[in-house]
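Going line by line, the protein sequences match chains U and B. 8 is the number of the first residue of the first sequence in this note's numbering; add one for each residue after it. 60 is the number of the first residue of the second sequence in this note's numbering; add one for each residue after it. Below is one structure, written out as structure tokens; the observations come after it.
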Amino acid sequence: MNLDFSDDQKFLQNEARKFLEKEESIKRSREILDQSSSLDTDLWQKIVALGWTGIRIPENFDGLGLGHLELCVIAEELGRFLAPVPFSSSVYLFTEAVIKYGSEELKKDILPKLVSGEIVGTLAVAEDFMAPSSSNIKTEVLNNKISGKKIAVPDAGIATHSIVVCKSSNGIDLRLIDHKDKSLNILKQDTVDGSRGHFCIELENTPSILVGDEGNGWDLYESIINQAAVLFSFEQVGGSQATLDMAVNYAKERYAFGKPIGSFQGVKHKLADMYVAITLAKSNSYYAAWALSSESSDLPVAAATARVSATKAFQLCSKENIQTHGGNGFTWEYDCHLFYKRSKLLSLNIGSLSNWKEKLVSNLEKSNIN
Amino acid sequence: MDFKDNQEQANFRKKCREWLEKNAKPKTGMEKNEFANINYLQAAKDWQKKKYDAGWAMLHWPKEYGGIAASAIERIIWSEEESKFDVPRGIFEIGLGMCGPVMMEYASENQKARYLPPMAEGKEIWCQLFSEPSAGSDVAGLRSKAVQDGNNWIINGQKVWTSGAHFSDYGILVVRHDASLEKHKGMTFFFIDMKSPGIEVKPIKQITGGSSFNEVYFNDVVVPDSQRLGEIGDGWKVAITTLMNERLAVGDANGADVEDAFRWAKSQDDLGEPLINNKSVRSSIADWYCEANGLKNTKLRTMSALSKGETPGPEASITKIVSANKLQDIGNFGMDSLDMSGMLKTDDPEIQSFQNAWLGAPGLRIAGGTDEILKNIIAERVLGLPQDARADKGMPYKDIPTGKA
Chain U
8 MNLDFSDDQK FLQNEARKFL EKEESIKRSR EILDQSSSLD TDLWQKIVAL GWTGIRIPEN
68 FDGLGLGHLE LCVIAEELGR FLAPVPFSSS VYLFTEAVIK YGSEELKKDI LPKLVSGEIV
128 GTLAVAEDFM APSSSNIKTE VLNNKISGKK IAVPDAGIAT HSIVVCKSSN GIDLRLIDHK
188 DKSLNILKQD TVDGSRGHFC IELENTPSIL VGDEGNGWDL YESIINQAAV LFSFEQVGGS
248 QATLDMAVNY AKERYAFGKP IGSFQGVKHK LADMYVAITL AKSNSYYAAW ALSSESSDLP
308 VAAATARVSA TKAFQLCSKE NIQTHGGNGF TWEYDCHLFY KRSKLLSLNI GSLSNWKEKL
368 VSNLEKSNIN
Chain B
60 MDFKDNQEQA NFRKKCREWL EKNAKPKTGM EKNEFANINY LQAAKDWQKK KYDAGWAMLH
120 WPKEYGGIAA SAIERIIWSE EESKFDVPRG IFEIGLGMCG PVMMEYASEN QKARYLPPMA
180 EGKEIWCQLF SEPSAGSDVA GLRSKAVQDG NNWIINGQKV WTSGAHFSDY GILVVRHDAS
240 LEKHKGMTFF FIDMKSPGIE VKPIKQITGG SSFNEVYFND VVVPDSQRLG EIGDGWKVAI
300 TTLMNERLAV GDANGADVED AFRWAKSQDD LGEPLINNKS VRSSIADWYC EANGLKNTKL
360 RTMSALSKGE TPGPEASITK IVSANKLQDI GNFGMDSLDM SGMLKTDDPE IQSFQNAWLG
420 APGLRIAGGT DEILKNIIAE RVLGLPQDAR ADKGMPYKDI PTGKA
């Protein structure tokens, strides 16, 4: 029985924490927000230099050849420190899709450049103000050329490549595009959380390369986001813990009616509820990490369980952290809003809470728990 | 990460299983909980005796008191395996989980040799006499009195919520010996013979209709000073040791869980469609599944730490809050799904399990620490928040304002 990370993995996590703390990652996130920029290039380059973008990339493609568990511990720290970098888009989604479904030729071309930082990728799915599904995707591919419009694509302005979910004559395809191509246009979109840019990609006869089987792209997409959900959960757990820590520290230092507000039961019980939510989310994320790293058939259920718990935990913790801080929590000056906004971004990026709950229950129906 | 036992643990699990298979029947999932039934009590005693004779009764206790000095992980393995069998449980938890450890720590060698083996064997049952009509969450506010009289103490007062007092042979008791001291300082701890003259036990009828708790009255009950546990005035310190053990003992709420709700939702009609197709039901099932598995995986993390010889973190402190509230919600859901007929009693075991959950869960949210007290404990002991200022701090007990008892 060992539902825990190894000493090496804990060491890696600790190093990541020290690095992000030293680099003042939260402050950098605020600067991106204030400057309406989309990326902290300096921090991203340092992360690339540490080899994190190549954690899961095999050694023969210049990566570190490590497993998903190493990625989980890094994800928790990126979430804790709100790192303003395209890690989730490029590593959890794009890189994993290429490793899982790319041809040998594509891997040989792309993977070493993801390690070196020459390539940054993202995944383009949404097209309208509603949840995307296999039946409402309109962006279309004809003779390997894609036309259509994708919106709310995280980090696309920084990315050099995207994998686009599009409609083909046989169903849904996943297709790789190069952002350098003149046929496409990338525009920044205004968002509620400016610390991670979202973009619109307009494509007109944009050349593309098929990733995975033709026509089967929606299943592949589902499988990619099942994997990514585990990593997102760890980011959400890290963010939840950071907001609980902030709230606890504030409740110990802030006085009202002659005593610390943390001595009032109304505040205490709120903070205890946050602890309960984080503990459930963390334990479910650990199990999902095991399911991911061991390629268990339980992954779809385990990932959705982790995702739902972690989304709920981060939403609860980030909103109650503001509440604990009172009026100060509502100011731009305090960091509370950075976490509140990031919790929303992470909860929507790979699909909403209600859609993940639905995914969980339909997977339970399929797996027939009784 | 993996979920495998190591070789030693696998061997131990195999031994547990082999013995259980020879001596008990595996669960079918439809067992009834008959806590107050007298035959159930005898069956529980017989089962405990059987375990004791074979060395399975009190695994972690030292050998001289009937244990085998097993490790924490071995205890968990045994408990996991035993829970898969239809055996009577729930009679000895308080004695073995709370009274045993306190006797082990504070009783004399002679007393330990006299009382611990029959306790482990199930021959003598123990209960815990702490709560009083005016001292629940604030149990240190208790007012039952002990007055020293030579080598004896004379006890007067009333205890309440005493599980199993009506079939117990002995009990542990905390009482006030000096009301002029501060409330935490004026208490002393004893163990007593429940057959002593002057003790009267009256069952309490619960909202479920059953009676597993009692009121216990003390009228000039004589207890020898040799049955004092700890020094005079150390009552609170000794009680705290016991309460910490209680919080470990009162864990996961038994009863209808997410699997039962899910199975039910697939078979139950909802306006001509299977109930499972109802969006709000699907959302609730997702929430309960996350909670149930969150607790299960938390337990696995605790076991992982124990298995490596590490001290587990405070994660397990969430168990009772989450499971008792989930039980109440699931009971409510099951009854709700029956619409107008949800109030009717039936022989259907599934419907019964929802009604039992709904009726029993309020008790679980209170017993062994209310939700509110447990949240205070998480906030203070885990998160390190300051205690609330107490209106009775530093006051002699007799001057503390009280409401109606």
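Ideal placement from N, C-alpha and C gives every residue a C-beta, glycine not left out.
Margin query: Out of B:ILE266, B:LEU288 and B:LYS104, which one is the CA nearest neighbour of GLU53 of chain B?
Written below: The requested residue 53 of chain B does not occur in the structure, where chain B is confined to residues 60 to 464.
Next item on the list: Could you pull out every residue in the same chain whose Cβ sits closer than 7 Å to the Cβ of ALA95 of chain B, ignoring the five residues on either side in sequence?
Entry: Note that ALA95 of chain B has pLDDT 48, beneath the 50 cutoff, so the model's placement of it is unreliable and the number below is only indicative. GLY269, SER270 and SER271, listed in sequence order.
Next item on the list: Using three-state DSSP, classify LEU238 of chain U as helix, strand or coil.
Entry: helix
Next item on the list: Locate the alpha helix (DSSP H) running through HIS119 of chain B, then write down its first and last residues.
Entry: It is not in any alpha helix (DSSP H) - HIS119 of chain B carries neither H nor E in the DSSP assignment.
Checklist line | ASP180 of chain U versus LEU19 of chain U - alpha carbon distance | finding: 36 Å
Next item on the list: Assign GLU83 of chain U to one of three DSSP states: helix, strand, or coil.
Entry: Correct three-state label for GLU83 of chain U: helix.
Next item on the list: Return the residue from the list B:ASP346, B:LEU444 and B:ASN278 that minimises the CA-CA distance to VAL206 of chain B.
Entry: B:ASN278
Checklist line | Completely contained alpha helix (DSSP H) runs for the stretch 107-191 of chain U, where each covers 4 or more residues | finding: Contiguous alpha helix (DSSP H) elements confined to the stretch 107-191 of chain U occur at 111-123, taking only those with 4 or more residues.
Next item on the list: Following the continuous beta strand (DSSP E) through GLY204 of chain U, name the residue where it begins and the one where it ends.
Entry: Looking at the DSSP string, GLY204 of chain U is not in any beta strand (DSSP E), and its letter there is neither H nor E.
Item checked: Nearest-angstrom Cα separation, counted from GLY128 of chain U out to LYS187 of chain U -> 13 Å
Next item on the list: Starting from the beta carbon of TRP297 of chain U, find every residue of chain B whose beta carbon is closer than 8 Å, and list them in chain order.
Entry: MET60, ASP61 and PHE62
Next item on the list: Kindly list, in the order they appear in chain U, the residues whose Cβ is closer than 7 Å to that of ARG360 of chain B.
Entry: LEU10, ASP11, SER290 and TYR293
Next item on the list: Pick helix, strand or coil for SER374 of chain U, following the three-state DSSP scheme.
Entry: The answer is helix: DSSP assigns SER374 of chain U an H, G or I state.
Check: So, is the C-beta of PHE271 of chain U closer than 9 Å to a C-beta in chain B?
Finding: yes
Next item on the list: Determine the contact status of ILE335 of chain B and GLN286 of chain B, defining contact as a CB-CB distance below 9 Å.
Entry: no
Check: By a C-beta neighbour count over all protein chains shown, 10 Å radius and 16 as the cutoff for buried, is LEU330 of chain B buried or exposed?
Finding: exposed
Margin query: So, under 8 Å CB-CB, ASN38 of chain B and ARG341 of chain B are touching, yes? Tell me the CB distance rounded to an integer number of Å.
Written below: The structure shown does not extend to residue 38 of chain B, since chain B spans only 60 to 464, so no value can be given for it.
Margin query: Below 8 Å, how does it come out for the stretch 118-135 of chain U and the stretch 241-248 of chain U: are there three or more Cβ pairs, yes or no?
Written below: Not touching, per the Cβ criterion.
Next item on the list: Answer with yes or no whether the minimum CB distance from ARG76 of chain B to chain D is below 9 Å.
Entry: No chain D is part of this structure, whose protein chains are labelled U and B.
Note to self: Taking the beta carbon of LYS457 of chain B as the centre, do at least 16 other beta carbons fall within 10 Å, making it buried, or is it exposed?
What the structure shows: exposed
Margin query: With H, G and I counted as helix, E and B as strand and the rest as coil, what does DSSP make of ASP64 of chain B?
Written below: coil
Next item on the list: Spell out whether any CB of chain U is found under 9 Å from the CB atom of ILE410 of chain B.
Entry: So, not an interface residue.
Checklist line | Beta-bridge pairing of LYS218 of chain B - partner residues as DSSP gives them | finding: Beta-bridge partners of LYS218 of chain B (DSSP): B:VAL275.
Next item on the list: Work out the CA separation of SER176 of chain U and ALA469 of chain B for me, nearest whole Å.
Entry: Absent from the structure is residue 469 of chain B, since the part of chain B shown begins at 60 and ends at 464.
Item checked: Proximal residues to GLY292 of chain B (C-beta, below 8 Å), its chain only, five neighbours per side dropped -> HIS236, ASP237, LEU240, LYS244, GLY245, MET246 and THR247
Next item on the list: Could you spell out where the beta strand (DSSP E) holding THR429 of chain B opens and where it closes?
Entry: No beta strand (DSSP E) holds THR429 of chain B; DSSP gives it neither H nor E.
Check: Can you check whether the CB of VAL198 of chain B is closer than 9 Å to the CB of ILE214 of chain B?
Finding: no
Next item on the list: List the residues of chain B whose Cβ lies closer than 7 Å to the Cβ of ALA258 of chain U, in chain order.
Entry: Within chain B, the residues near ALA258 of chain U are LEU444.
Notebook entry, point to check: Near GLU259 of chain B, which residues of its chain fall below 6 Å by C-beta distance, leaving aside the five closest residues on each side in sequence?
Noted result: TYR276
Check: Are the Cβ atoms of LEU213 of chain U and LEU191 of chain U separated by less than 9 Å?
Finding: Strictly speaking, residue 213 of chain U in this sequence is Thr, with Leu absent from that position. A contact, by the Cβ cut-off of 9 Å.
Notebook entry, point to check: Name the chain U residues whose beta carbon is nearer than 8 Å to that of ARG341 of chain B?
Noted result: Under the 8 Å cutoff, chain U gives LYS364, GLU365 and VAL368.
Item checked: Helix, strand or coil at ILE213 of chain B [DSSP, three-state] -> Strand.
Notebook entry, point to check: Is the shortest distance between the beta-carbon of THR286 of chain U and the beta-carbons of chain B less than 9 Å?
Noted result: yes
Next item on the list: Identify which residue in U:GLU229, U:LYS364, U:SER215 and U:LEU345 has its Cα closest to the Cα of ALA249 of chain U.
Entry: U:LEU345
Margin query: Excluding the 5 residues flanking ASN337 of chain B on each side, which residues of the same chain have their C-beta closer than 6 Å to its C-beta?
Written below: ASP329
Check: Looking at C-alpha atoms only, which residue of U:GLN16, U:ASP47 and U:PHE26 is the closest neighbour of SER36 of chain U?
Finding: U:ASP47
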